[in-house]
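For the sequence shown, the working numbering gives the first residue as 627, with consecutive numbering after it. No residue lacks a Cβ here, since even glycine has one placed at the ideal position from N, Cα and C.
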Amino acid sequence: MQSHISLQHQFSLKHLNTFGIDARAQHYLRVTDEGQLRAVLADPALAALPRLVLGGGSNLLLTGDFPGLVLHIALEGKEVLSSDGQHHYVRAAAGENWHAFVQWTLAQGLGGLENLSLIPGTVGAAPIQNIGAYGAETKDVFHSLRAFDTTSGEIVTLDSAACRFAYRDSIFKMAEGKQLIILEVSFALPKAWQPNLRYAELATAVQQQGWTAPTPQQVADTVIAIRRRKLPDPAEIGNAGSFFKNPLVPGEQCARLLAQFPELVHHRQADGSEKLAAGWLIDQCGWKGKSLGRAGVYPKQALVLVNNGGATGAEVQALAAAIQADVQARYGVRLEPEPVFV
Numbered sequence: 627m628q629s630h631i632s633l634q635h636q637f638s639l640k641h642l643n644t645f646g647i648d649a650r651a652q653h654y655l656r657v658t659d660e661g662q663l664r665a666v667l668a669d670p671a672l673a674a675l676p677r678l679v680l681g682g683g684s685n686l687l688l689t690g691d692f693p694g695l696v697l698h699i700a701l702e703g704k705e706v707l708s709s710d711g712q713h714h715y716v717r718a719a720a721g722e723n724w725h726a727f728v729q730w731t732l733a734q735g736l737g738g739l740e741n742l743s744l745i746p747g748t749v750g751a752a753p754i755q756n757i758g759a760y761g762a763e764t765k766d767v768f769h770s771l772r773a774f775d776t777t778s779g780e781i782v783t784l785d786s787a788a789c790r791f792a793y794r795d796s797i798f799k800m801a802e803g804k805q806l807i808i809l810e811v812s813f814a815l816p817k818a819w820q821p822n823l824r825y826a827e828l829a830t831a832v833q834q835q836g837w838t839a840p841t842p843q844q845v846a847d848t849v850i851a852i853r854r855r856k857l858p859d860p861a862e863i864g865n866a867g868s869f870f871k872n873p874l875v876p877g878e879q880c881a882r883l884l885a886q887f888p889e890l891v892h893h894r895q896a897d898g899s900e901k902l903a904a905g906w907l908i909d910q911c912g913w914k915g916k917s918l919g920r921a922g923v924y925p926k927q928a929l930v931l932v933n934n935g936g937a938t939g940a941e942v943q944a945l946a947a948a949i950q951a952d953v954q955a956r957y958g959v960r961l962e963p964e965p966v967f968v
């Protein structure tokens with residue numbers, strides 16, 4: 627296999643996934659400029675390989691070695707672009723650390739991303755998963771992105787409508803978008819910023835600080851404190867954050883569940899469906915703090931699965947399947963994992 631790009635072979639991905647799974651890539655390329663992607667596409671042998679696009683590895687479960695080419699997107703750069711009557715526009719390259727980018731926008735005096743503080747991963751991954759937390763989602767402040775089309779070799783620009791954002795979903799997780807590699811993302815941050823305190827826990831925590839008119843930085847600091855209290859640091863214990871999506875069920879199904887389980891945690895949606903709290907369901911099934919092999923459920927948050935040391939992807943997968951089976955048997959609700967299994 628010949629190419630002028632510098633590949634590494636049998637490359638350990640242990641430090642490139644937040645679960646800390648020790649899997650290897652048959653071939654690995656750290657992508658620092660768009661030209662490398664064109665070179666991969668121009669090389670018939672490389673273009674034919676199975677391909678995994680990797681960012682921060684924070685929404686990924688490696689179930690074994692990857693028998694192909696891992697493209698690790700490490701593109702860097704960020705800037706304030708412009709402003710109009712309503713928004714400030716900022717742009718960041720796909721390889722930028724998400725939390726560092728959020729903190730950078732706050733340092734520029736720009737609010738809008740503070741509720742998404744301390745979410746692990748890269749800027750390029752944010753639209754793919756439509757990451758969200760504490761009453762906010764990427765789509766709320768998304769403007770556009772540039773992506774490399776691995777089918778045509780062209781650079782394409784997508785606006786919010788083209789990204790087809792939904793709850794933890796986007797076109798990039800669908801068949802018609804999987805050939806796109808995100809290069810950079812632009813956000814429209816509101817000039818008339820108001821704190822988003824719709825999430826009760828966040829509102830209470832801000833109120834306890836005595837802030838009647840909190841700044842974006844104060845909201846961010848509160849979010850960071852809550853996350854650090856509830857969630858494990860991937861640098862200390864391997865995890866991918868919330869492992870399961872909060873399931874959406876029809877209103878009638880929720881009503882039947884409430885009749886049987888009056889304490890059921892649920893949140894009514896605009897369309898009449900109900901969003902259930904996956905962590906509550908898992909906790910009620912007795913999984914919080916329990917382990918299966920070297921994989922376990924975090925004692926402080928049942929929604930987080932952890933690598934207790936040396937766990938394989940298969941062990942995490944087996945734990946997830948056991949939890950799914952218990953929740954299905956007790957509540958008739960199917961939990962869907964958030965991370966991509968590879």
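query, result
"Residue of Ala674, Ser786, Gly747, Ser868 minimising C-alpha distance to Leu680", "Gly747"
"Residue(s) in a DSSP beta bridge with Val959", "For Val959, which the question treats as bridged, DSSP gives no partner whatsoever."
"Buried versus exposed call for Ile781 [16 or more other C-beta atoms within 10 Å across all chains shown]", "exposed"
"Through-space distance from Asp859 to Met627, alpha-carbon basis", "A caution first: Met627 carries a pLDDT of 39, below 50, which makes its placement in the model too unreliable to give a value."
"Phe768 - DSSP class collapsed to helix/strand/coil", "strand"
"For Pro816, the residue or residues it bridges with in DSSP", "His713"
"Length at least 4, wholly inside the stretch 739-800: the alpha helix (DSSP H) runs in chain order", "751-755, 786-789"
"Identity of the residues DSSP links to Phe870 by a beta bridge", "Pro963"
"The stretch 811-819 touching the stretch 743-758, judged by at least three CB pairs closer than 8 Å", "yes"
"Nearest-angstrom Cα separation, counted from Lys817 out to Asp847", "20 Å"
"Of the residues Ser684, Gly761, Asp648, Glu964, the one placed nearest Pro821, counting alpha carbons only", "Gly761"
"Simplified DSSP state of Arg920, which is helix, strand or coil", "coil"
"Outcome for Phe774 when other beta-carbon atoms lying within 10 angstroms are tallied against a minimum of 16", "buried"
"Which of helix, strand or coil DSSP assigns to Met627", "Caution is warranted here: a pLDDT of 39 is assigned to Met627, below 50, making its placement in the model unreliable, and the coordinate value is therefore given only provisionally. DSSP places Met627 in coil when its eight states are reduced to three."
"As assigned by DSSP and simplified to three states, the class of Phe692", "strand"
"Val968 versus Asp909 - alpha carbon distance", "27 Å"
"Rounded separation between Thr841 and Arg854 - CA only", "20 Å"
"Of the residues Glu763, Leu874, Pro965, Ile754, the one placed nearest Arg772, counting alpha carbons only", "Ile754"
"Three-way DSSP call (helix, strand, coil) for Gln734 in this model", "coil"
"DSSP beta-bridge partners of Phe637", "Ala651"
"Closest residue to Ser917 among Ala947, Ala792, Gly803, Gly682 (Cα-Cα distance)", "Ala947"
"Meets three-Cβ-pair contact criterion under 8 Å: the stretch 651-658 and the stretch 933-952", "no"
"Buried versus exposed, by CB contacts within 10 Å (16 or more), Pro963", "buried"
"Distance CB(Ser743)-CB(Val767) smaller than 9 Å", "no"
"Member of Asn933, Thr689, Gly867 whose CA lies at the smallest distance from the CA of Gly919", "Asn933"
"Best match in Gln805, Ala719, Phe637 for proximity to Thr777 [C-alpha to C-alpha]", "Gln805"
"Segment limits, alpha helix (DSSP H) that includes Val845", "842-856"
"Nearest to Gly898 (by Cα), restricted to the options Ala885, Glu878, Gly912", "Glu878"
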